[in-house]
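Protein chains in written order, with our numbering: chain R, 344 to 644; chain S, 243 to 748.
Ideal placement from N, C-alpha and C gives every residue a C-beta, glycine not left out.
As the structure is a prediction and not an experimental result, all values here were calculated from the model.
See below for the structure under consideration.
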């Protein structure tokens, strides 16, 4: 079964028709992808060392430059893994590629550490992509398939250009990138198909591209949700409100562990929390100079 | 003036035939076809058919890539350095060295194709290439080296191709093949001067290019911030290892050609002796770099680096690291006159069949390693096994294998080639198995049958290309050997120039 070609296109078409009813103008996902492709092609042709600017709608959206980041309050995390599940279903992540534990794909990976001794404890730490401001993965990519969306400071991948050399997976000091070792597998969609229903009946999230085998993927901070919120704001002639954008993991978190927002905006909740908890904040492997934008509030203070 | 051996050498390709030749040809072809089948299987089902996983994203494909690109240094670098330094004994060696370079480069580059998730998008590297990525440096450096070494193989071939053309009696397709390749070579003085100038210039230019190739290969690892990869020694370290393994493979190829084509009067013991001396030097450099690398990082005791070092020595892939040291030391003991030391100590030595000794050395090592791995270093069985193995090695194996320079060259080269492959493996895999984020599931990696059969196929392609080359062109540079024979008088006058005058001081 081929999910990622015809069916998805049909789904996109349907979606666009609905969208057109709602909004006459604006940037659709297809336009976004086209923009990405054109920008990547044009930039690469120049063979410069410049970072890849895609910013498909930078002209249309003349707001301030965003710097999206995430704060995870580990004191509140109960380790329920709902973020993992929400992320998987939101982003059309393959369910199980091969039965090999080490090949599973979790854009949001919960890692547990056990603490022995008199009062044993288990600590959970969710790990999305850090969306570093100085990302080693972007430097490593030989074809510019992974790039930084400069207007939002989010590290993305153009799945249509990725050659699967795994330079970026190897260069990421956080091991936050995943590789499609096999053809993605979606049992729930298969079940729908068996019942004679089409995949668009709810099998896939139509606004996220399904990856093929042999390409790299990782957390995008739910870029489709960011773009949708920005479009909505633009339609209403206003700035994006703080807290309006919620990636799937943030929206679903039962403990309110996660805060997502613009780090450039000093008034946003995330900026305030980062400022208030200055002494409790940590980022992973800060000494490497990658400037990760996922902040953690430490548990044991 | 044609010396009497010239025609024999020109007819070498005709000797590359017979039952043994076609037998090996068939064997290697079958292995290659099986490897291609495995690759197609991988293309259909994705890289999931390999043993790779997260975080061990790179495995023996990349090991093979580094290994084969390393072998390619054998050649061109050795022959270029010997040409530039005017070492007369180089003459029968250069052709094979240059041929190995070209073959190994082709195979090394194709290993990347096997490792890619989307080989159908290979051309993206050219259309979307980004110079910031170390992988693109590789593409540029390796493709220029491939071009340069094809030219460098071809230039000294021209007079020999012309000689082959001249000896042909029929005017068929084969004649026009050689005729076209000979580029109208008539052996005139002007042509000779030009050719020698071209060879000289390309010999000098190819040395920095060859050094750059393996430096850039090492940069693919060293440019990352991963523990034990991010090291400034990697450039020279990889170049040293490349030359070391390159000469080893060259020696093996020379020994096979000598035996199969009866080249005893051309490839003499002295050639192997000099190359073995070079190998002792390369061992020293290799050991110096390895020692420096592990002492510096181990002494520094940085946690993420220590995790990798400890994983290398004690954990799941320790067979690679410790095995590398074992075979490298065996190669060193074979290359250096260890047997004289044993005799000076008046210890009883014994000589057995050399193949048996080789098997004994490796098999004994495997037994010793498995005992130490299962029982621990300080256990009684491990101590007994080490003593027994040590005695066997020094009293039986090494005196046997150090029979003459041919056997020294053969067995030390096999050990060096194995050791260098293992070195590449232990550089690549343990670092990936112990990533910086401690809570990550620590990985282990076992190559699958697909990876192994593609590796075997890669080695077979090497052998197959060598067989085909031996059938088409002479494996020894005829005109250069001739020139060497004629050059004795010239060398005499040259030496007269710098030898002290007879009247001495005053």
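Residues that residue i contacts on chain S, provided the C-beta gap is smaller than 8 angstroms
| i | result |
| --- | --- |
| residue 508 of chain R | 354, 357, 358, 359, 377 |
Per DSSP, cross-strand counterpart(s) of residue i
| i | result |
| --- | --- |
| residue 312 of chain R | This structure cannot speak to residue 312 of chain R, because chain R is shown only from 344 to 644. |
| residue 603 of chain R | R/413 |
| residue 559 of chain R | R/522 |
Under 8 angstroms by beta carbon: chain R residues contacting residue i
| i | result |
| --- | --- |
| residue 433 of chain S | By Cβ distance, chain R contributes nothing, its closest Cβ being about 41 angstroms from residue 433 of chain S, past 8 angstroms. |
| residue 468 of chain S | 513, 514, 516 |
Any chain S beta carbon closer than 8 angstroms to residue i
| i | result |
| --- | --- |
| residue 402 of chain R | Since pLDDT at residue 402 of chain R reaches only 47, below the 50 mark, its modelled position is unreliable, and the value read off the structure follows with that caveat. Output row for residue 402 of chain R: interface = no. |
| residue 574 of chain R | no |
| residue 568 of chain R | no |
| residue 526 of chain R | yes |
| residue 431 of chain R | no |
| residue 558 of chain R | yes |
| residue 392 of chain R | Interpretation of residue 392 of chain R is limited by its pLDDT of 43, a score under 50 that renders its predicted location unreliable; the figure taken from the coordinates is listed afterwards. With 8 angstroms as the cut-off, residue 392 of chain R counts as an interface residue toward chain S. |
| residue 482 of chain R | yes |
| residue 443 of chain R | yes |
| residue 435 of chain R | no |
| residue 397 of chain R | Legend: pLDDT at residue 397 of chain R = 46, less than 50; position of this residue unreliable, value from coordinates given subsequently. No, because no Cβ of chain S sits closer than 8 angstroms to the Cβ of residue 397 of chain R. |
| residue 639 of chain R | no |
| residue 603 of chain R | no |
| residue 547 of chain R | no |
| residue 522 of chain R | yes |
Within chain S, partners of residue i - CB distance below 9 angstroms
| i | result |
| --- | --- |
| residue 477 of chain R | Ordered by position in chain S, no residue passes the 9 angstroms Cβ test against residue 477 of chain R, which lies about 11 angstroms from the chain. |
Test: residue i CB closer than 8 angstroms to a CB of chain R
| i | result |
| --- | --- |
| residue 631 of chain S | no |
| residue 300 of chain S | yes |
| residue 500 of chain S | no |
| residue 372 of chain S | yes |
| residue 306 of chain S | no |
| residue 350 of chain S | no |
| residue 290 of chain S | yes |
| residue 429 of chain S | no |
Of the residues the options, the one placed nearest residue i, counting alpha carbons only
| i | options | result |
| --- | --- | --- |
| residue 710 of chain S | S/389, S/270, S/246, S/250 | S/270 |
| residue 379 of chain S | S/366, S/394, S/454 | S/454 |
| residue 529 of chain S | S/494, S/479, S/516, S/506 | S/479 |
| residue 603 of chain R | R/624, R/618, R/620, R/585 | R/585 |
| residue 586 of chain S | S/641, S/694, S/384, S/484 | S/641 |
| residue 573 of chain S | S/534, S/550, S/630, S/522 | S/522 |
| residue 599 of chain R | R/408, R/412, R/426, R/409 | R/426 |
| residue 334 of chain S | S/443, S/290, S/493 | S/493 |
| residue 361 of chain S | R/538, R/642, R/509, R/517 | R/509 |
| residue 308 of chain R | S/626, S/300, S/606, S/466 | Absent from the structure is residue 308 of chain R, since the part of chain R shown begins at 344 and ends at 644. |
| residue 373 of chain S | S/462, S/726, S/446, S/569 | S/462 |
| residue 482 of chain S | S/349, S/312, S/592 | S/312 |
| residue 699 of chain S | S/487, S/609, S/432, S/352 | S/352 |
| residue 254 of chain S | S/630, S/712, S/646, S/329 | S/712 |
| residue 459 of chain S | S/341, S/475, S/273 | S/475 |
| residue 605 of chain R | R/491, R/554, R/485, R/569 | R/569 |
| residue 435 of chain S | S/484, S/731, S/397, S/646 | S/397 |
| residue 516 of chain R | R/474, R/497, R/557 | R/474 |
| residue 384 of chain S | S/452, S/567, S/677 | S/452 |
Neighbour list for residue i in chain R, Cβ cutoff strictly below 9 angstroms
| i | result |
| --- | --- |
| residue 679 of chain S | 454, 470, 516, 517, 518, 519, 627, 628 |
| residue 367 of chain S | 485, 486, 506, 508 |
| residue 287 of chain S | 525, 526, 556 |
| residue 364 of chain S | 506 |
Contact list for residue i against chain R, beta-carbon separation under 7 angstroms
| i | result |
| --- | --- |
| residue 297 of chain S | 518 |
| residue 685 of chain S | 445 |
| residue 437 of chain S | None at all; the shortest Cβ gap to chain R is about 37 angstroms. |
| residue 674 of chain S | 513 |
Under 7 angstroms from the C-beta of residue i: neighbouring residues of chain S
| i | result |
| --- | --- |
| residue 631 of chain R | 467 |
| residue 529 of chain R | Those do not exist, as residue 529 of chain R stays about 16 angstroms from chain S at its closest Cβ, beyond 7 angstroms. |
### Query
Considering only residues of the segment 646-678 of chain S, which uninterrupted alpha helix (DSSP H) runs meet the minimum length of 4 residues and lie entirely inside it, listed in chain order?
647-675
#### Entry: Start-end ranges of the beta strand (DSSP E) lying completely within the segment 451-532 of chain R, minimum 3 residues
452-458, 464-470, 489-492, 497-500
### Query
Taking the runs of the alpha helix (DSSP H) that are 4 residues or longer, which of them lie wholly in the segment 384-465 of chain S?
400-408, 415-423, 431-464
### Message
Quick check for students: name the residue ranges of the alpha helix (DSSP H) that lie wholly in the segment 680-731 of chain S, counting only runs of 4 or more.
### Response
691-714
### Task
Go through the segment 479-551 of chain S residue by residue and report every complete run of the beta strand (DSSP E) that reaches 3 residues or more, in order.
none
### Message
As an exercise, report each continuous alpha helix (DSSP H) stretch of at least 4 residues that is fully enclosed by the segment 583-627 of chain R, in chain order.
### Response
Here the runs fully enclosed are 591-595, 612-619.
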